[in-house]
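Q: Residue numbers (our numbering): 18 to 278.
Beta carbons are placed, not taken as given, at the ideal position from N, Cα and C, and that holds for glycine.
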Amino acid sequence: MSEITGAERPARDGSPFPDRRDPVFERDVRRMFTHIAQRYEWFDHVASMGNDLLWRPRALWDLDRFRAPGPVRRVLDLGCGTGELTRLTAHRFPSAQVVGVDFTAAMLAVAQRRTGTPGTAGKISYGRATAMRLPFPDGTFDLATNAFLARNLLDLEAALTEMRRVLRPGGVLLILEITEPVSPAFGSLFHAYFDHVVPWLGAAVDSAGPYRYLPESLRRLPPRPAFLDALRRAGFPRAEAHTQSMGIVTAFLAEAGARAP
Ligand SMILES: C[S@@+](CC[C@H](N)C(=O)[O-])C[C@H]1O[C@@H](n2cnc3c(N)ncnc32)[C@H](O)[C@@H]1O
18 MSEITGAERP ARDGSPFPDR RDPVFERDVR RMFTHIAQRY EWFDHVASMG NDLLWRPRAL
78 WDLDRFRAPG PVRRVLDLGC GTGELTRLTA HRFPSAQVVG VDFTAAMLAV AQRRTGTPGT
138 AGKISYGRAT AMRLPFPDGT FDLATNAFLA RNLLDLEAAL TEMRRVLRPG GVLLILEITE
198 PVSPAFGSLF HAYFDHVVPW LGAAVDSAGP YRYLPESLRR LPPRPAFLDA LRRAGFPRAE
258 AHTQSMGIVT AFLAEAGARA P
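1) Please find out if some non-hydrogen atom of ligand 1 comes closer than 8 Å to the beta-carbon of Thr267.
2) Over the uninterrupted beta strand (DSSP E) stretch that includes Arg185, give me the two end residues.
3) Straight-line CA distance for Leu80 to Met66?
4) Tell me the DSSP bridge mates of Glu179?
5) State the DSSP-derived secondary structure class of Leu166, mapped to helix, strand or coil.
6) Give the straight-line distance between the Cα atoms of Ala29 and Thr103, rounded to the nearest whole angstrom.
7) For Leu235 and Ala275, what's the separation of their Cα atoms in angstroms?
8) Would you report the Cα separation of Glu257 and Val266, rounded to the nearest angstrom?
9) When we look at the beta-carbon of Ser19 and count the other beta-carbons within 10 Å, is it buried (16 or more) or exposed?
10) Thinking just about the alpha-carbon of each residue, which of Leu248, Arg229, Ala268 is nearest to the one in Phe34?
11) List the endpoints of the continuous beta strand (DSSP E) containing Phe34.
12) Since Leu171 is in the beta strand (DSSP E), which residue starts that stretch and which ends it?
13) Which of helix, strand or coil does DSSP assign to Arg29?
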């Protein structure tokens, strides 16, 4: 997919289309998620052909095998959006306090509404904050998770350092993200769908900008080995990448080292 230039922005239907080179990029990311908040979950289920319903539980399963056994008391789900991973995490660690944090109020409002589920509501709380400056003291959490956040971060390395700061030494970070498929042949097929069909589906629901931004944001993400290097530099000496669906998504797992960098 070629670079989308100024002439093609904004999207024809006027929906937000964040541009990473723009100083108001983060504001536009918030506008974009505000625009799609009500349709976010069902659109993702349709666009991923239901696979996203498997990706999050599988990533939590990987997390459980990666971490050292021991109690989990406090979990942070960053960029929690409508709370899909937050709720699954609360079910997976029933004795933990789970905090979902996001900088888009409209996504948090949906999360709050959906989290009325008996058995989890008491343990989940939501708050508004940017991933770049988390309102928690050093070493607060045993686990930190985030799904489909990383592509949207203006400064990935700074955000990874901030995630490391709020984890205790030995705490574990899970980052689930869309990634390039492992096989180039399957990659061509994937890109035909992801770069063309998904934006077309987005345009059909008045969201041409957000769903053109989606494939563009994937091109900004470092490849798996470079992502693992970034994690190590941010203070996670043990880091692994676990692919799913032929590499369409990857669960990055990383253990916080003894001292933050
Ligand atoms: C693609 S959604 C993912 C939501 C959810 N984690 C899931 O599994 O579906 C990305 C979320 O990250 C949030 N986000 C993006 N950049 C952020 C930042 N810098 N700080 C906090 N939240 C951010 C957006 O508001 C949005 O709700």
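A: Walking through what the data contain:
1) no
2) 184–195
3) 24 Å
4) For Glu179, which the question treats as bridged, DSSP gives no partner whatsoever.
5) coil
6) This sequence places Arg at residue 29; Ala is not what is there. Roughly 34 Å between the two C-alpha positions.
7) 32 Å
8) 14 Å
9) With a pLDDT of only 43 at Ser19, under the threshold of 50, the placement of this residue in the model should not be trusted; the figure read from the coordinates follows. Ser19 should be labelled exposed.
10) Arg229
11) Note, Phe34: premise wrong, no beta strand (DSSP E); not H, not E.
12) No beta strand (DSSP E) contains Leu171, which DSSP labels as neither H nor E.
13) coil
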